[in-house]
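Participant:
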Amino acid sequence: MSRRLAAVVPAAGRGERLGAAVPKAMHLLAGEPLLVHAVRALQAAPSVAAVVVAAPPSQQQEVCALLGPRVCVVPGGATRQESVARSLAVLASEVDAVLVHDAARPLTPPSLIESVASAVLGGERAVVPGLPIPDTVKQVDAAGRVVGTVDRAGLRAIQTPQGFERALLQRAHAGARSELTDDAGLVEQLGQSVLVVPGDDAAFKVTRPGDLARAEAFLDRFKLGPDGCWRPREAGGHG
Ligand code: CTP
Ligand code: MG
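Basically my numbering = 1-based index in the sequence shown + 11.
Here it is as structure tokens:
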């Protein structure tokens with residue numbers, strides 16, 4: 012059975028930690044909104060058949076004009092979770108697999124999107140990209156005193172896109188008991204196991220102003236190769 016996969020992009024956050032005058036998804040990176048970078052990467056991944064964006068309600072018209080007729084735009088909600096739920100509600104009936112991907116991860120390479128997509132299309136019900144934690148991690152008490160050192164070998168920093176069987180993700184949202192910062196967490200509440208595949212450094216989330224500077228510097232040094240991976244610009248000496 013061939014499966015149809017859609018991507019849902021929560022983009023309705025205000026970006027309070029970035030502190031910009033416009034919603035974070037509309038903030039420019041190399042002259043284009045973060046959201047445009049994120050959607051372009053999704054559209055470059057061959058497995059992604061459709062894209063739905065949850066836009067800041069005040070910017071819905073602008074976002075529609077920006078992304079063109081191939082992208083469905085819905086008004087986002089007050090929380091990320093609500094924005095995702097609103098996007099899931101408009102998916103076509105034939106969609107049976109979903110990627111949820113933050114607009115705030117503009118440099119996510121198509122190769123990572125494809126890696127998560129292929130795991131889901133191959134039958135995994137919930138898949139997230141994750142990276143080992145480079146820093147030492149400590150547990151602290153309310154006073155800021157160290158309680159213990161956590162063994163980081165078993166920890167992963169989780170990114171997006173996160174991929175799911177559609178019915179499972181919708182059930183997880185319908186039964187959500189709390190507000191979580193990712194979708195896999197909701198699926199975990201159902202007792203579903205979640206597979207972690209290798210993440211990508213370039214899929215970092217733009218959260219604070221320094222992250223924008225990091226993204227600009229990255230684009231100065233890397234370009235997207237035909238394989239959907241970032242390559243150093245010097246390589247080959249062209250472009
Ligand atoms: N998001 C959303 N709807 C919300 C809140 C967040 O669609 N009500 C989206 C953001 O636009 C972003 C993603 O969820 O693409 C990840 O959220 P985060 O990085 O926290 O973005 P913001 O909520 O915009 O930032 P902040 O928490 O600093 O205000
Ligand atoms: Mg937020």
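For every residue, glycine included, the Cβ atom is placed at its ideal position computed from N, Cα and C.
Kindly indicate the opening and closing residues of the alpha helix (DSSP H) around Ile124.
Facilitator: Its alpha helix (DSSP H) spans residues Pro121 to Leu132.
Participant: Using beta-carbon positions only, say whether Val64 and Val85 come within less than 9 Å of one another.
Facilitator: In this structure, Val85 lies closer than 9 Å to Val64 by Cβ.
Participant: I need the straight-line Cα distance from Pro21 to Val205, nearest angstrom please.
Facilitator: About 21 Å.
Participant: Identify whether Gly155 lies in helix, strand or coil by the three-state DSSP scheme.
Facilitator: Correct three-state label for Gly155: coil.
Participant: By DSSP's criteria, Lys234 is part of a beta bridge. Which residues make up the other side?
Facilitator: DSSP lists Arg242 as partners of Lys234.
Participant: Report the option in Ala18, Gly30, Arg116 and Gly88 whose CA atom is closest to the CA atom of Glu190.
Facilitator: Minimum Cα distance to Glu190 is reached at Gly88.
Participant: If Leu179 and Gln200 are in contact, beta carbons under 8 Å, what's the gap, nearest whole angstrom?
Facilitator: About 12 Å; that fails the 8 Å criterion.
Participant: Are the beta-carbon atoms of Leu40 and Ala226 separated by less than 9 Å?
Facilitator: Cβ distance < 9 Å, so Leu40 and Ala226 count as in contact.
Participant: Between which two residues does the beta strand (DSSP E) containing Gln173 stretch?
Facilitator: Note, Gln173: beta strand (DSSP E), Gln173 to Glu176.
Participant: Less than 9 Å separating the beta-carbons of Ser58 and Ser129?
Facilitator: Yes, Cβ-Cβ distance for Ser58 and Ser129 is below 9 Å.
Participant: Using CA atoms only, rank isn't needed, just tell me which of Pro117, Asp162, Asp231 and Lys149 is closest to Gln170.
Facilitator: Nearest of Pro117, Asp162, Asp231 and Lys149 to Gln170, Cα basis: Pro117.
Participant: Count the other CB atoms, across all protein chains shown, that sit within 10 Å of the CB of Gly165; report buried if there are 16 or more and exposed otherwise.
Facilitator: The residue is exposed, with fewer than 16 neighbouring Cβ atoms inside 10 Å.
Participant: Say yes only if the C-beta of Pro24 is nearer than 8 Å to one or more non-hydrogen atoms of the ligand MG, and no if none qualify.
Facilitator: Before going on, a small fix: residue 24 reads as Gly here, not Pro. Yes, since a heavy atom of the ligand MG falls inside the 8 Å radius drawn around the Cβ of Gly24.
Participant: Return the first residue and the last residue of the beta strand (DSSP E) that Arg167 is part of.
Facilitator: Element bounds for Arg167: Arg167 to Ile169.
Participant: From what residue to what residue does the beta strand (DSSP E) around Leu16 run?
Facilitator: Its beta strand (DSSP E) spans residues Leu16 to Pro21.
Participant: Would DSSP call Pro220 helix, strand or coil?
Facilitator: Three-state DSSP puts Pro220 in a helix.
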